[in-house]
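Report on the structure given below.
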Amino acid sequence: MNDMTASVRPRHGMGFYPFVALTAALMATNALAIDSMLPALPEMAQALGIAEANQRQWIITAYLLGFGVSQIFYGTISDRYGRRPVLLAGLSVYILASIAAAFAGSFETMMIARIVQGIGAAATRVLVVSIVRDCYSGREMARVMSLAMIVFLAVPILAPSIGQAILWLAPWRWIFGLLTSFGAAVMLFVLFRLPETQRPEDRKPIDVASVSAAFRTTLTNRVGVGYMLAMAFVLGGLFGFINSAQQVFVDVFHSPELFTTIFAGIAMFMAAASLVNSRIVGRLGMRRVSHGALIGYIGFTGAHALVALSGHESLVSFTLFQGAAMFCFGLIGPNFGALAMDPLGHVAGTASSVQGFVTTVVGALLGFFIGQHFDGTIVPITLGFALCGLVALAIVLVVERGRLFNPAPGRS
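Put into structure tokens, the structure is as follows:
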């Protein structure tokens, strides 16, 4: 597809690449709220009276839980009132909560602000998927999401370094000033550039019967549920890594000065994978790409766990294994998401809500469980990655009735 073809699409009213940029910016509001925090966790913990190192992880997990739980509501609301007004409301909440977090004087206040910030950011997660699904489907949808991921993944590459740069120049509270400014910029982009993308005939009244029917459709679709659950377990490993990453570089490798650089290098593997995916998914298909990547993910994380258990881990091996796993994750994420959504276009808002709720909450809880087992070694992280990958593969095998790489008979 070229830009001229995409630009005439009436439902997003802009060129293909501006639409991809907006998609990436909406996705980035979430990543920026997580990754920019990582270098500041020790200073935040000291200022907020958090004594136990593993308890710092609540600053990440509280946000993820607010982000995950609230997604269940956004789809239903957006199916009734449209994508645009709900998205603008969510961005407003995100901005206000970022301001509140900047002025938080206690751990409890910070937790409330982070939960509310996650609630606001959840609108971007649900609505961006619904908006893309309103305008595209199938491999076109996967291509849009992959291209958006390339831009979006600049955020985890740069965000820790941005957070560290802010710490060099100002107190950690100014990180929330960055989040406030970014949220406001995205909100203005939506306000002035994005029209309503939902078809009028797809509007659904908020009543028990229609809402129940949409939820029932979402939760009884074998492909949708299967890939949703598989993605939740893959995310569990990723969140476990994010929760423990700062501690790993301080307590295991004693190299805190290398944290932002190596974290950025690992994230670049994900960005590279998204670029590769955008080039090959149209030719090979979502199942071939994502199933092959999942097998690779299990292989790399399993080998990493064996190295960690043997006691031969080093900073070099950690970086290479994590980079390889993140490359595989970059091929899994957009394709599992597109596979889960593809059969549910007629209930895209509700489906996106349910899938976002399940993948984020289950992933956050798994990641928190993995992170809380941090014991001064990387064994819990590597085992968590490998086991989550194996469970994801088992789910995919059930969904596809034992058939990998191609649709099961009778399935597109």
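For what it's worth, the working numbering labels the leading residue of the sequence shown as 854, then goes sequentially. Heads up, the beta-carbon is just placed ideally off N, CA and C, and yes, glycines get one too.
Worksheet item: With a Cβ-Cβ cutoff of 8 Å, do Leu1159 and Leu1047 count as a contact?
Response: no
Item to complete: Using only alpha-carbon positions, find the residue among Thr1213, Val939 and Gln1208 that is nearest to Phe1068.
Response: Gln1208
Practice prompt. Reducing DSSP to helix, strand and coil, say where Ala904 ends up.
Written response: coil
Worksheet item: From Gly1198, Gly1190, Phe1122 and Glu961, pick the residue whose C-alpha is nearest to that of Phe1210; which is it?
Response: Gly1190
Item to complete: At 3 residues or longer, and completely inside the segment 944–996: list those beta strand (DSSP E) runs for me, N to C.
Response: none
Discussion item. Is it buried or exposed, Met857, if we count other Cβ atoms within 10 angstroms and call 16 or more buried?
Written reply: Unreliable positioning characterises Met857 in this predicted model, as indicated by a pLDDT of 38, which lies under 50. The coordinate reading is nonetheless provided below. With fewer than 16 other Cβ atoms within 10 Å, it is exposed.
Practice prompt. For my contact list, Phe1180 and Ala1120 are in at a C-beta cut-off of 8 Å; report their separation, rounded to the angstrom.
Written response: Actually they are not in contact, since the Cβ atoms of Phe1180 and Ala1120 sit about 11 Å apart, beyond 8 Å.
Discussion item. Relative to the C-alpha of Pro1187, which candidate in Gly1152, Ala1201, Val997 and Leu901 has its C-alpha closest?
Written reply: Val997
Worksheet item: When burial is assigned at 16 or more other CB atoms within 10 Å of the CB, is Tyr870 buried or exposed?
Response: exposed
Item to complete: Would you mind stating whether Asn1130 and Gly1164 have Cβ atoms separated by less than 8 Å?
Response: no
Discussion item. Does Ser889 come out as helix, strand or coil in the three-state DSSP assignment?
Written reply: coil
Worksheet item: Should His1199 go down as buried or exposed, given a rule of 16 or more other Cβ atoms within 10 Å for buried?
Response: exposed
Worksheet entry | Straight-line Cα distance separating Asp1060 from Phe1122 | 45 Å
Item to complete: Determine, using beta-carbon pairs with one atom in the segment 1005–1024 and one in the segment 890–907, whether at least three such pairs fall under 8 Å.
Response: yes
Discussion item. Quick check on Gly1135: does DSSP put it in helix, strand or coil?
Written reply: helix
Worksheet item: Relative to the C-alpha of Ile930, which residue among Thr1203, Val1087, Leu944 and Leu1218 is closest?
Response: Thr1203
Worksheet item: Roughly how many angstroms lie between the CA atoms of Ile952 and Trp1025, to the nearest whole one?
Response: 13 Å
Worksheet item: Taking the Cβ atom as the reference point for each residue, do Gly943 and Ala976 lie within a distance shorter than 8 Å?
Response: yes
Fill in: Residues near Gly1237 by beta carbon distance below 6 Å, same chain, minus five either side
Gly1090, Gly1093 and Ile1223
Fill in: Proximity of Val1252 and Gly1079 at Cβ, strictly below 8 Å
yes
Fill in: Beta-carbon separation (whole angstroms), Phe1258 vs Arg1075, contact threshold 8 Å
18 Å between Cβ atoms; not a contact.
Item to complete: Keeping to the same chain, check which residues put their C-beta closer than 7 Å to that of Arg933; ignore five residues upstream and five downstream.
Response: Arg1056, Lys1057, Pro1058 and Ile1059
Practice prompt. Could you check if Glu905 is buried or exposed, using at least 16 other CB atoms within 10 Å of its CB as the buried criterion?
Written response: exposed
Discussion item. Among Ala1178, Thr962, Val985 and Glu1049, whose alpha-carbon lies nearest the alpha-carbon of Leu901?
Written reply: Thr962
Worksheet entry | Below-8 Å beta-carbon distance, Phe1222 vs any chain C residue | In the structure shown, chain C does not exist; there is a single protein chain.
Worksheet item: Does DSSP put Ala1098 in a helix, a strand or coil?
Response: helix
Practice prompt. Mark Thr1073 as exposed unless 16 or more other C-beta atoms lie within 10 angstroms of its C-beta, in which case mark it buried.
Written response: exposed
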